[in-house]
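All you need for my numbering is the position in the sequence shown, starting with 1, plus 50.
Everything below concerns the one structure shown next.
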Amino acid sequence: MSLVPEIDYGTPASRSEKMVTLTIDGREITVPEGTSIMRASMEAGIQVPKLCATDMVDAFGSCRLCLIEIEGRNGTPASCTTPVAPGIKVHTQTSRLKDIRKGVMELYISDHPLDCLTCAANGDCELQDMAGAVGLRDVRYGYEGDNHVRARNNGDINAKWMPKDESNPYFTYDPSKCIVCSRCVRACEEVQGTFALTIEGRGFGSRVSPGMHEDFVSSECVSCGACVQACPTATLTEKSVIEIGQPEHSAVTTCAYCGVGCSFKAEMRGEELVRMVPWKDGQANRGHSCVKGRFAYGYSTHKDRILNPMIREKVSDPWREVTWEEAYAHAASEFRRIQYQYGRESVGGITSSRCTNEETFLVQKLIRAGFGNNNVDTCARVCHSPTGYGLGQAFGTSAGTQDFDSVEHTDVVIVIGANPTDGHPVFGSRLKKRLRQGAKLIVIDPRRTDLVKSPHIEAAFHLPLKPGTNVAVMTALAHVIVTEGLANEAFIRERCDWSEFEDWAAFVAEEQHSPEAIEEFTGVPAHLVRGAARLFATGGNGAIYYGLGVTEHSQGSTTVMAIANLAMVTGNIGRPGVGVNPLRGQNNVQGSCDMGSFPHELPGYRHVSDDATREIFEKLWGVALSNEPGLRIPNMLDAAVDGSFKGIYIQGEDILQSDPDTKHVAAGLAAMECVVVQDLFLNETANYAHVFLPGSTFLEKDGTFTNAERRINRVRRVMTPKNGYADWEITQKLAQTMGLAWNYSHPSEIMDEIAATTPSFALVSYDYLDKMGSVQWPCNEKAPLGSPIMHIDGFVRGKGKFIRTEYVATDERAGPRFPLLLTTGRILSQYNVGAQTRRTDNVVWHAEDRLEVHPHDAELRGIRDGDWVRLASRSGDTTLRALITDRVAPGVVYTTFHHPTTQANVITTDFSDWATNCPEYKVTAVQISPSNGPSGWQVEYDEQARQSRRIAGKLEAAE
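Rendered as structure tokens:
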């Protein structure tokens, strides 16, 4: 094994279709117009020395190493900033160029530490490489330079020296090794878009500075790692590399955090992970990353991780470690007993959106073929199930229409109910880059997110609607487009059902749907709605990106259909730069849906009542399948409380922390007789478990994830599972113990079964993915290369369907007792329920959940920033500290849900989407008041959790 090779071409590729032919060092080369001479040389295999150039950022031309000579031109221009031209003859190596380059290198080395043998970058230092490339053998200027290298000169304090900045938990900044190439500054600006770094000083006094001469952790730096990746020396270095040393082999795999699905090189020494480096050929992230994927992998070796199976008779008992065989036998016998005693429908399972497609496929297969029912559900129920329903109704498919590259071609973007810079940061950076290039932005969100205004971007319109009024605002946008004659009639007549459009157009044109009519209850000024509608309809390519702020409402499915209506009425479907794009929350939430994790659908979104579809699986699996839809998660919990549902197998989900109305979830779990939890840690749900099966991390398994753009990416095992087995093997062993004749030897065989039974995956195999890098479903004979853009020539369902979207106010309303509205979301450094990120150094940035409160609401209640407050709703109460901010509007409060000590979902209610039962997390009527400490429920919960996590023979409870 060796490191996965990557070529740095020095400057970005040109997109021009016009070709130019030139001669470099006697070789004729043809490249696209606009290509730099440096890149053209590299593509021909001719490496021009460089230090300030890298193909992740635009050319800069400051290091003066990449100089060339062009016949017929004076001087020695920089090859990185000089574009190719027809017929020119370029020389990259002449005696004149050699002398200049040596002189330049001498200047660099004269003010650089010469500790190469003990330097962390030894073996991976471009300065070292370039010194060798130019033949540097001596430095005429000595090695003192302006001396930023030593803390003292002849015993005296050196005011020009700066100490190493080790404030960031993941990397160090050593100013003495900085060559001021500005690559880190440009990466922060051009790739990440945060603008946290700058160059301070002049000449030899120049240095990189985070913010206004701050340390890294106190600055605006978001720790995405782009600067570290760009640095050609040891100035910015991962602490893991300093501790472990340089990696010696690597494998390309896929991040296990959000739905962007970034590709990384897992760089290893033996079975120890040295670092995760974003892969430039990753088609979702294009070489970029965020703090979670880049650095927050420490949970995989955290001391809290459970590595041995455990069982117990009652949840009040301590856990008892057992062998794998004993755990399987106990779980299987309990499921059989329960079904014999209470009936076939008395057990079910929940698949994981963090596990692979193959593992998810096996869990739903176990439920259907082993349990004999369709009682299977997934966390998509509580996030994007309205996407599946709404887009399925309008377009005929249950997924987004574009790839992430599409954003580079958009002219107007609507972001509704999403906060990409925090929840999907790599896509957020790509979006910000397009906005800096001139695209216009419309933000529809109760909260003033970073996209509304941040360095060098500002939304053209921010519609700060009241939580729960999405449908009204979206219908009002359509009202303006229809009544002002801005609809794309040609597209509608060709691609959509005209009679349904006429009915819908008459509906939205009614006065009750006008911006003026809805202003009173949405809180959005009518002129903003009208301006946003006109911009979207007339601004060119229009794309809509949305998140859980759309779906997690009682009218989530209706809003998704309203979004589809808006895309169709403006003709923004079926080409690059447009489309309807759900930003999926977890790494494989799209895949878990694709794999048949819903109780009414088999893999490929085919209903269980369809005889032909069931026959495919029945022949292959050798069992009869039920044609009756099973129970959804809320129905399972209700049935458990009623006494008819008694056993559940939960793989990689923490429903006690992530699902709404925590007390109801706890009551449902407590009423069951066999709860089997398969996870990395004793999570909150495990407090009520009887069997615990330790899971494996994404680093310890082979498989695939499917991201938000339908991209199927490989996950590759880089280390032996610390628990002994990958998750798919655990599910197979359980199935075998229950009498099923499964005999998979590798996940690739599971994918072959998926491809054989699921039309949209027909050509997908591990060999094909290794060849292509990744593909987007549908990938079949009609689309052998996959489908980056959907609905190009027509909708999957035939004609696009316009659907009336009547606004119906949620039953969860503010009143005298609960006058505020709570909405929830995520923060950049933490992920979902925090089980992974809380066990990393990311807690430096977000050690607790905070409640954002508008200054007006805080003043009325005597609350100051940092005070403990009681947050109460009709469902329950909890306490957390206040964060006073005008990001939220008066009457609205906001918090995250990453920390179980807060248990924000004890506040949320059981109201849900009318079509899919997706919970209404985003609207909860609450009251806040000063507090002296934890609520009574929190005290009880903490004690119950502590008792539940006891392990026999261990001194301390696992956390």
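The beta carbon of each residue, even a glycine, is placed where N, CA and C say it ideally should be.
Because the structure is a prediction, the values reported are computed rather than measured.
Which residue from Thr-351, Leu-930, Glu-264 and Gly-926 puts its Cα closest to that of Gly-916? Leu-930
With contact counted as at least three CB pairs below 8 Å, one residue from each stretch, are the stretch 535–549 and the stretch 481–496 in contact? no
Contact between the stretch 715–724 and the stretch 337–354: three or more CB pairs below 8 Å? no
What residue from Ile-839, Ser-659 and Thr-499 has the CA that sits closest to Ile-877's CA? Thr-499
So what does DSSP say about Asp-907, is it helix, strand or coil? helix
Report all residues from its chain with a CB closer than 6 Å to the CB of Tyr-59; omit the five preceding and five following residues, and keep chain order. Arg-89, Met-92 and Asp-105
For Phe-586, does the three-state DSSP call read helix, strand or coil? helix
Quick check: the Cα distance between Gly-926 and Tyr-971, rounded to an integer number of angstroms? 14 Å
Identity of the residues DSSP links to Gly-343 by a beta bridge: DSSP output for Gly-343 lists no bridge partner at all.
With a CB to CB cut of under 7 Å and the five nearest residues on each side skipped, what residues in its chain are close to Arg-863? Ala-975
Tell me which residues share the same chain as Ala-94 and place their Cβ nearer than 8 Å to its Cβ, disregarding the 5 neighbours each side in the sequence. Ile-74, Arg-77 and Ile-79
Contacting residues, own chain, Cβ-Cβ under 7 Å from Ile-150 (five flanking each side not counted): Leu-117 and Thr-126
By DSSP's criteria, Glu-508 is part of a beta bridge. Which residues make up the other side? Lys-503
Gly-875, DSSP secondary structure in three states: strand
Val-10 and Ala-617 closer than 9 Å at C-beta: Nothing in the structure corresponds to residue 10, since the chain is present only between 51 and 1009.
Assign Trp-369 to one of three DSSP states: helix, strand, or coil. strand
Can you round the beta-carbon distance between Val-81 and Val-134 to whole angstroms, since I take them to be within the 8 Å contact cut? 6 Å
Cutoff 6 Å; reference Ala-181; Cβ partners in own chain excluding five residues on either side: Met-155
Within 10 angstroms of the Cβ of Lys-214, are there 16 or more other Cβ atoms? Answer buried if so, exposed if not. exposed
With Tyr-378 as the anchor, note down where its alpha helix (DSSP H) starts and where it stops. 374–392
What does the alpha-carbon distance come out to for the pair Arg-1000 and Ala-897? 25 Å
What are the boundary residues of the alpha helix (DSSP H) that includes Leu-247? Element bounds for Leu-247: not the alpha helix (DSSP H) but the beta strand (DSSP E), 247–250.
Taking the straight line between their C-alpha atoms, what separation do you get for Leu-578 and Thr-572? 12 Å
Here's a check: name, in chain order, each residue in its chain whose Cβ is nearer than 6 Å to the Cβ of Ile-683, leaving out the five neighbours to either side. Asp-427 and Arg-431
For Lys-669, which three-state DSSP category applies? helix
Close-in-space but distant-in-sequence residues of the same chain around Ala-509 (CB under 8 Å, 5 per side omitted): Leu-491, Ile-492, Val-493, Leu-501, Val-502 and Lys-503
Sorted by chain position, which residues of the same chain lie with C-beta nearer than 7 Å to Leu-286's C-beta, five sequence neighbours on each side aside? Phe-221, Tyr-223, Cys-234, Cys-277 and Val-278
Which runs of the beta strand (DSSP E) fall wholly inside the stretch 740–828 and span at least 3 residues, in chain order? 741–744, 753–756, 761–765 and 824–826
If you draw a straight line from the alpha carbon of Arg-914 to that of Val-465, how long is it in whole angstroms? 32 Å
Contact check, Ala-246 vs Cys-271 under 8 Å by CB: the rounded distance? 4 Å
Where are the beta strand (DSSP E) runs, 3 residues long or more, that stay fully inside the stretch 880–944, in chain order? 900–903, 918–923 and 927–934
Whole-Å CB distance - Arg-628 paired with Gly-592, under 8 Å assumed: For the sequence presented, residue 628 should be read as Val rather than Arg. That pair is a contact at about 6 Å.
How big is the Cα-Cα spacing for Glu-1009 and Phe-731? Reliability fails at Glu-1009, whose pLDDT of 45 lies under 50, so the model's placement of it is uncertain and the value that follows must be treated cautiously. Taking the straight line from one Cα to the other gives about 8 Å.
Beta-bridge partners of Ser-259, as assigned by DSSP: Thr-248
Measure the Cβ-Cβ separation of Gly-875 and Asp-472 and say whether it is below 9 Å. yes
Check whether Pro-475 and Val-341 have beta carbons under 9 Å apart: yes
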